[in-house]
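Here it is as structure tokens:
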């Protein structure tokens with residue numbers, strides 16, 4: 324499909340630089356086909372039914388934005404060079420892939436110093452500023468060092484407008500985060516509070532949990548003109564037997580499965596198994612997924628999706644367009660822009676229903 328089909332005009336003033344406070348006071352736009360209704364996040368329990376199941380991604384964000392120095396080279400002139408790195412995928416106990424800025428000042432074999440104790444060697448360079456880093460530490464020691472010197476990896480559309488600060492350490496983390504490994508937040512989960520969870524429980528809405536470690540590739544712009552030419556980034560997910568059983572039982576009993584965020588959706592759709600008679604079931608397991616969902620995709624597990632408002636021409640806007648219909652989503656986003664909804668990671672949210680079910 325032509326990538327330009329997924330474009331829309333977004334005023335810069337609609338980009339949220341801070342989250343709503345309290346978290347569950349953010350606005351929520353419910354989308355049922357062309358029927359749009361305005362709510363706030365704490366209304367979620369009133370919009371769901373007893374027996375519905377919300378699926379959360381309980382990944383925890385690493386402080387994966389690092390600043391390092393490439394020392395002056397003995398031959399070639401020039402002094403020390405400051406380089407920024409956004410870690411985006413762990414390869415082994417001491418090896419990560421990262422997006423470097425400016426990558427043109429690096430070459431294979433360079434040593435980068437991050438602190439008095441932590442250094443890394445550039446082991447390769449790929450397109451788009453993607454480099455391999457071989458650290459001088461491994462395992463828990465490396466993880467601790469990264470947490471000590473790193474900052475929260477705010478998306479570029481926020482980081483370009485303000486500096487990361489101490490408030491982001493809490494703001495850019497869900498209240499239910501458990502398993503460290505993401506380099507971007509599962510932002511639909513940022514709207515939840517203990518009070519909202521209590522309200523959902525009292526309303527008979529079930530909660531299930533999985534893990535998908537979000538990669539920085541989420542924020543990469545589409546560089547091709549046709550979706551068929553796009554190479555989707557991969558992310559690691561894990562769904563245990565308890566979660567799979569919870570979701571399958573809820574579906575069998577007539578409950579709707581609502582993914583909290585596109586990350587939870589991608590994990591669930593990646594592990595769908597044909598159970599026969601037109602039914603699909605969630606199969607437990609762990610794997611990398613590079614599922615790329617565009618209009619025409621047949622959703623197997625998901626009935627609803629809680630998700631923030633996404634970038635023009637992004638893979639995530641393509642996903643929600645596949646879920647609700649491109650025309651419906653273009654209309655919904657125009658309504659959101661005209662009615663001052665706040666966009667992106669720290670912005671407002673939406674509750675989308677699969678267009679076949681509307």
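Residue numbers (the numbering used here): 324 to 681.
In this text, a Cβ means the ideal position worked out from N, Cα and C, and glycines have one as well.
Roughly how many whole angstroms lie between the Cα atoms of residue i and residue j?
i: residue 623; j: residue 526; result: 26 Å
i: residue 393; j: residue 407; result: 10 Å
i: residue 566; j: residue 533; result: 7 Å
i: residue 496; j: residue 625; result: 24 Å
i: residue 628; j: residue 675; result: 5 Å
i: residue 428; j: residue 437; result: 16 Å
i: residue 375; j: residue 430; result: 52 Å
i: residue 457; j: residue 466; result: 13 Å
i: residue 596; j: residue 581; result: 18 Å
i: residue 484; j: residue 575; result: 47 Å
i: residue 363; j: residue 570; result: 26 Å
i: residue 620; j: residue 572; result: 24 Å
i: residue 287; j: residue 335; result: For residue 287 there is no data in the structure shown, the boundaries of the chain being 324 and 681.
i: residue 521; j: residue 442; result: 45 Å
i: residue 377; j: residue 524; result: 11 Å
i: residue 631; j: residue 404; result: 37 Å
i: residue 369; j: residue 489; result: 34 Å
i: residue 557; j: residue 329; result: 22 Å
i: residue 568; j: residue 588; result: 17 Å
i: residue 347; j: residue 516; result: 6 Å
i: residue 478; j: residue 668; result: 8 Å
i: residue 640; j: residue 395; result: 43 Å
i: residue 433; j: residue 419; result: 15 Å
i: residue 472; j: residue 603; result: 45 Å
i: residue 530; j: residue 605; result: 15 Å
i: residue 594; j: residue 642; result: 17 Å
i: residue 507; j: residue 352; result: 23 Å
i: residue 439; j: residue 468; result: 11 Å
Would you kindly report the start and end of the unbroken alpha helix (DSSP H) that includes residue i?
i: residue 404; result: Not the alpha helix (DSSP H): residue 404 falls in the beta strand (DSSP E), residues 404-415.
i: residue 472; result: 462-472
i: residue 593; result: 585-593
i: residue 325; result: Here residue 325 belongs to no alpha helix (DSSP H), and DSSP marks it neither H nor E.
i: residue 639; result: 638-647
i: residue 353; result: Careful: residue 353 lies outside any alpha helix (DSSP H), inside the beta strand (DSSP E) at 350-355.
i: residue 520; result: 517-525
i: residue 480; result: 479-482
i: residue 369; result: 367-370
Can you list, in chain order, the residues of its chain with a C-beta nearer than 6 Å to that of residue i? Leave out the 5 residues immediately preceding and following it.
i: residue 658; result: 359
i: residue 461; result: 416 and 417
i: residue 474; result: 386, 388 and 487
i: residue 371; result: 528
i: residue 561; result: 534 and 609
i: residue 578; result: 374, 375 and 376
i: residue 470; result: 386
i: residue 559; result: 536 and 611
i: residue 365; result: 347 and 519
i: residue 633; result: 639 and 640
If I'm right that residue i touches residue j with Cβ under 8 Å, what's the distance once you round it to whole angstroms?
i: residue 388; j: residue 476; result: 4 Å
i: residue 514; j: residue 349; result: 5 Å
i: residue 519; j: residue 367; result: 7 Å
i: residue 482; j: residue 454; result: Going by Cβ atoms, the distance from residue 482 to residue 454 rounds to 19 Å, so no, they are not a contact pair.
i: residue 550; j: residue 617; result: 5 Å
i: residue 538; j: residue 411; result: 5 Å
i: residue 511; j: residue 672; result: 6 Å
i: residue 584; j: residue 509; result: 5 Å
For residue i, I'd like the list of residues in its chain whose CB is within less than 8 Å of its CB, leaving aside the five on either flank, ordered along the chain.
i: residue 548; result: 325, 326 and 327
i: residue 599; result: none
i: residue 678; result: 356, 646, 647, 648 and 651
i: residue 354; result: 647, 651, 652, 655, 673, 674, 675 and 676
i: residue 338; result: 480, 481, 484, 665, 666, 667 and 670
i: residue 564; result: 607
i: residue 341; result: 490, 494 and 669
i: residue 414; result: 420 and 455
Hey, quick one: how far does the beta strand (DSSP E) through residue i stretch, first residue to last?
i: residue 376; result: 376-380
i: residue 458; result: 453-458
i: residue 445; result: 442-448
i: residue 503; result: 502-505
i: residue 558; result: 558-562
i: residue 492; result: First-last for residue 492: 491-494, but that is the alpha helix (DSSP H), not the beta strand (DSSP E).
i: residue 531; result: 529-535
i: residue 602; result: 602-605
i: residue 631; result: 627-631
Here's a check: name, in chain order, each residue in its chain whose Cβ is nearer than 7 Å to the Cβ of residue i, leaving out the five neighbours to either side.
i: residue 502; result: 381, 382, 383 and 534
i: residue 615; result: 553, 555 and 638
i: residue 333; result: 635, 660 and 666
i: residue 391; result: 406, 408, 435, 436 and 437
i: residue 586; result: 380, 509, 535 and 537
i: residue 345; result: 516
i: residue 452; result: 422, 423, 424 and 426
Is the shortest distance between the beta-carbon of residue i and the beta-carbons of chain C less than 8 Å?
i: residue 500; result: Looking at the structure shown, chain C is missing, and only one protein chain is on hand.
Is there contact between the segment 482-499 and the segment 438-446, where contact requires at least three CB pairs shorter than 8 Å? no
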